[in-house]
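Shown next, in structure tokens, is the structure this report addresses.
2 protein chains.
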Amino acid sequence: MSETGQPAPSEAFDRDQQRRRKRLAVLKTAASAFNRRGFANTSMDDVASALGISKPALYQYFKSKQDILYECHLLAVQHGEAGVEEGQRTRGSGLDKLLAYVGRYMHGFFSDLGSCAVLLDVYSLADKHRAEIQKRRDGVTDAVEGFIARGIKDGSIVERDAKLTALFIFGVLNWMLVWYRPSGPATPAQIIETFVSLLERGLAARASVLIESEPKL
Amino acid sequence: MSETGQPAPSEAFDRDQQRRRKRLAVLKTAASAFNRRGFANTSMDDVASALGISKPALYQYFKSKQDILYECHLLAVQHGEAGVEEGQRTRGSGLDKLLAYVGRYMHGFFSDLGSCAVLLDVYSLADKHRAEIQKRRDGVTDAVEGFIARGIKDGSIVERDAKLTALFIFGVLNWMLVWYRPSGPATPAQIIETFVSLLERGLAARASVLIESEPKL
DNA sequence: ACCCCTCCCTACTCGCTAGTAAGTTTTCTT
DNA sequence: AAGAAAACTTACTAGCGAGTAGGGAGGGGT
Numbered sequence: 008m009s010e011t012g013q014p015a016p017s018e019a020f021d022r023d024q025q026r027r028r029k030r031l032a033v034l035k036t037a038a039s040a041f042n043r044r045g046f047a048n049t050s051m052d053d054v055a056s057a058l059g060i061s062k063p064a065l066y067q068y069f070k071s072k073q074d075i076l077y078e079c080h081l082l083a084v085q086h087g088e089a090g091v092e093e094g095q096r097t098r099g100s101g102l103d104k105l106l107a108y109v110g111r112y113m114h115g116f117f118s119d120l121g122s123c124a125v126l127l128d129v130y131s132l133a134d135k136h137r138a139e140i141q142k143r144r145d146g147v148t149d150a151v152e153g154f155i156a157r158g159i160k161d162g163s164i165v166e167r168d169a170k171l172t173a174l175f176i177f178g179v180l181n182w183m184l185v186w187y188r189p190s191g192p193a194t195p196a197q198i199i200e201t202f203v204s205l206l207e208r209g210l211a212a213r214a215s216v217l218i219e220s221e222p223k224l
Numbered sequence: 008m009s010e011t012g013q014p015a016p017s018e019a020f021d022r023d024q025q026r027r028r029k030r031l032a033v034l035k036t037a038a039s040a041f042n043r044r045g046f047a048n049t050s051m052d053d054v055a056s057a058l059g060i061s062k063p064a065l066y067q068y069f070k071s072k073q074d075i076l077y078e079c080h081l082l083a084v085q086h087g088e089a090g091v092e093e094g095q096r097t098r099g100s101g102l103d104k105l106l107a108y109v110g111r112y113m114h115g116f117f118s119d120l121g122s123c124a125v126l127l128d129v130y131s132l133a134d135k136h137r138a139e140i141q142k143r144r145d146g147v148t149d150a151v152e153g154f155i156a157r158g159i160k161d162g163s164i165v166e167r168d169a170k171l172t173a174l175f176i177f178g179v180l181n182w183m184l185v186w187y188r189p190s191g192p193a194t195p196a197q198i199i200e201t202f203v204s205l206l207e208r209g210l211a212a213r214a215s216v217l218i219e220s221e222p223k224l
């Protein structure tokens, strides 16, 4: 009926496809620069010349500089929320749920977006956007604290302040955005394995992980 | 001999003293704002009105906005270096040295400067200052990695990548600057205790800490 | 009483950059 | 081939904020 009648624009190089790819390239380039040098220290001209185009070309894909930042934050918070869902889905102790969250979040962070996400510079967002991001972040924080509180109750996590423990974990995770470069020496898999086991040993009430390595001497 | 002959300006209200106190107030106010909202989002007018004075008054104490940032970074890196010295002074395993570093750093962070330190926005520094700060930070990083490597060798730290482990720790420590408020619910002592024991358990080859809590069930 | 020094104010300048206007090249359609 | 739409360019505008000029108030020394 109301279909526009286009014969499914076929091939891999139709207009919209290209447009989306270019848009993503802008997002990635900008995010990388934002993470490296900071949002305010990155001009739109910087982003443009990094892509080999001129500034106004950027405005075909994003309404404003803040809009780019907003989408970066959206991606980051979506990964957080995906991690929370993973934790809720996971059957087991509070610790199991927590580690499921951490694993899912890190996996998302590394895989699908190089490092499009930004965490700092929330304040650079327009009030309306900032409120939304803050609220969704708070949701993630609450859920993670919930996993920890549950773990403390069920005995899988050694007794400790749930809020402080959450801040400990967020520190580890958020700092990745500052130092991680896809070109760096460590592979995502190594990073995930190291960090998860550091957290697991630090939190676990039972020293289950100790088994895997014989004591030296 | 070459003393200026002033009869030691006596009391608590001599000129220089007041000046230094005002200067410190500027530094603390600015640093707090920088940490909260970011360097670029904080105008000199903001800082001034937070102190109840006008912008040009600030320029009596600091040459430029960047100068304030530079001193914040100096304070931060000095605490890092003090931690490294503490670690080097400490006799014992690599783990002991590492934990001495962490403890000293956190203690310095909380006590003497509320939160004057800034870590992000290194890029907002002038090139010359940035180079210095980066270099000194690299020194701290190397030393911490050294503690970890030593701990891996002497068996006090469970085998793991020293660089990644250092990044894990720096994440925890650096993120404090973002969330810590002196007015917050947790006391510095609680935070130090919780974080140090989380790190110790995560890193230690022997589960020495387990002794302190009876297994539940 | 006078001067001078410190401190701080109001009222500017000037550079930098986000965003826009208007024209040009490219690319798809028919 | 013609024409229209999309993509991108150069050349601007406008506003924000760091830093400054220059003046005024207060206090301590002589």
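Residue numbers (my numbering), protein chains in the order written: chain A, 8 to 224; chain B, 8 to 224.
Backbone N, C-alpha and C fix where the C-beta goes; we use that ideal spot for every residue, glycine too.
Distances from the CA of E152 (chain A) to each of A:A212, A:E200, A:D161 and A:A169 were compared; the closest alpha carbon is that of A:A169. Under the 10 Å beta carbon count, E78 (chain B) is surrounded by 16 or more other beta carbons and is classified as buried. Proximity to I176 (chain B) across B:Y112, B:K62, B:D23 and B:L58 peaks at B:Y112, based on C-alpha coordinates. Secondary structure remark: continuous alpha helix (DSSP H) runs of at least 4 residues inside the region 95–155 of chain B, in chain order: 101–118. With fewer than three CB-CB distances shorter than 8 Å, the region 138–150 of chain A does not count as touching the region 192–199 of chain A.
At a cut-off of 8 Å between beta carbons, F116 (chain A) makes no contact with chain B. Collapsing the DSSP output to three states places A211 (chain B) in a strand.
In summary, the residues of the region 175–199 of chain B whose CB is separated from some CB of chain A by less than 8 Å are F175, F177, G178, V179, L180, N181, W182, M183, V185, W186, P192, A193, Q197 and I198, in the order they occur in the chain. A distance of 8 Å or more separates the beta carbons of A55 (chain B) and S131 (chain B). Annotation: R30 (chain A) to V84 (chain A) spans about 20 Å, alpha carbon to alpha carbon. In the structure shown, I198 (chain B) falls within a helical segment according to DSSP collapsed to helix, strand and coil.
Around G162 (chain A), the same chain offers A212 as residues with beta carbons nearer than 7 Å, after the five sequence neighbours per side are excluded. Here I164 (chain B) carries a strand assignment [DSSP, helix/strand/coil].
Spatial neighbours of Q73 (chain A) in its own chain (CB-CB distance under 8 Å, excluding positions within 5 residues in sequence) are listed in chain order as S131, L132, A133 and H136. Taking the C-beta atoms as reference points, Y108 (chain A) is found nearer than 8 Å to G94 (chain A). Where A64 (chain B) is concerned, the enclosing alpha helix (DSSP H) starts and stops at K62 to L65.
Annotated three-state conformation of G87 (chain B) is helix, per DSSP. In this chain, the alpha helix (DSSP H) harbouring A55 (chain B) covers M51 to L58.
Taking 8 Å as the cut-off, the Cβ atoms of G191 (chain B) and V147 (chain B) do not count as close. Sequence-distant partners of K160 (chain B) (beyond 5 residues in either direction) whose C-beta falls short of 8 Å from its own C-beta, in its chain, are G101.
Per DSSP, A169 (chain A) is one residue of the alpha helix (DSSP H) stretching across A169 to W186. With a threshold of 8 Å between beta carbons, Y130 (chain B) makes contact with chain A. The beta carbon of R44 (chain A) sits closer than 8 Å to some beta carbon of chain B. Assignment of F46 (chain A) by DSSP, reduced to helix, strand and coil, places it in the coil class. The contact set of R208 (chain A) on chain B, defined by CB atoms closer than 7 Å, consists of R208 and G209 in chain order.
A straight line joining the alpha-carbon of A89 (chain A) with that of H80 (chain B) spans about 36 Å. K62 (chain A) counts as exposed, since fewer than 16 other beta carbons sit within 10 angstroms of its beta carbon. Under the 10 Å beta carbon count, G158 (chain A) is surrounded by 16 or more other beta carbons and is classified as buried. Closer than 8 Å to the CB of D168 (chain B) there is at least one CB belonging to chain A. Between the C-alpha atoms of P189 (chain B) and R208 (chain B) there is a straight-line separation of about 27 Å.
With fewer than 16 neighbouring CB atoms inside 10 Å of its own CB, K70 (chain B) falls in the exposed class.
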